[in-house]
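FYI, the numbering for the sequence shown is 1 to 194, going by full-length UniProt numbering. For each residue, glycine too, the CB sits at the ideal point set by N, CA and C. The block underneath contains the structure these notes are about, expressed in structure tokens.
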Amino acid sequence: MLCNKCGNNNPEDSSFCIKCGTSIGTTENQETRDEKQVSGNTPKWAQERLKQILKPNETVMLEVKGRVEVTIPNGLGALIWWISYIMINLLGIIYGLIVRKTAWMVLTNDRLIILTEEGVNFPFWVIKFSRKTRDYIIYKEKLASINAIKDKNLWFITSKGFFIESIGSLGIIFNGMKETEFQKAKQYLFEIKE
1 MLCNKCGNNN
11 PEDSSFCIKC
21 GTSIGTTENQ
31 ETRDEKQVSG
41 NTPKWAQERL
51 KQILKPNETV
61 MLEVKGRVEV
71 TIPNGLGALI
81 WWISYIMINL
91 LGIIYGLIVR
101 KTAWMVLTND
111 RLIILTEEGV
121 NFPFWVIKFS
131 RKTRDYIIYK
141 EKLASINAIK
151 DKNLWFITSK
161 GFFIESIGSL
171 GIIFNGMKET
181 EFQKAKQYLF
191 EIKE
């Protein structure tokens, strides 16, 4: 059995690593732990993406269903944005604004993760906007922090939900949560900020 810490190959019946002394669980227990991390009401598409994102020691605190809304940018960002999405892509933008994508917000002991569901897959190469999936991941030390400006992302909590503004680009709002879930998420975010 391989040690997760040092990579040493230990006998199958070992409880601890011979080389470094780290406790070794069975493979079955590790798989069960991984399943528990992303279980619950989270849909299969989000579970699969979460398994790739979550770290081994990361604990899921809250999983919330919501929507992602796209807001059109202002200023120079709007000019660049509109030029790149003129005409054909405009249909995809309108679709994205009206329909809104289902999304899942996952709060862990270390990060806030927002997964968006893939949009309508149009039969042509056009309307690339509507095909994109985005996973927004922000570490707890950068939540509502001035340090986030370095990453060109500003996160803050509004009455509508959680808002990310990418400087010179689109704004994304995660909302559509139940009031109790929103309050839990707010409480958790303020706790981990300290």
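Opposing strand residues paired with residue i [DSSP bridges]
i	result
residue 51	In DSSP, residue 51 forms no bridge with anything.
residue 65	104
residue 116	103
residue 9	2
Separation of residue j from residue i, as counted between CA atoms
i	j	result
residue 185	residue 13	42 Å
residue 109	residue 59	6 Å
residue 23	residue 66	39 Å
residue 129	residue 177	In this prediction, residue 129 scores a pLDDT of 46, lower than 50, which makes its location untrustworthy; no coordinate-derived value is stated.
residue 7	residue 137	29 Å
residue 182	residue 174	11 Å
residue 16	residue 56	18 Å
residue 44	residue 179	24 Å
residue 135	residue 18	40 Å
C-beta atoms of residue i and residue j nearer than 8 Å
i	j	result
residue 103	residue 113	no
residue 10	residue 20	no
residue 63	residue 106	yes
residue 42	residue 50	yes
Sequence-distant residues of its chain with Cβ nearer than 7 Å to residue i (five each side left out)
i	result
residue 46	104 and 115
8 Å Cβ shell around residue i - same chain, five flanking residues per side excluded
i	result
residue 188	61, 62 and 107
Residues near residue i in its chain [Cβ-Cβ closer than 6 Å; skip 5 each side]
i	result
residue 52	none
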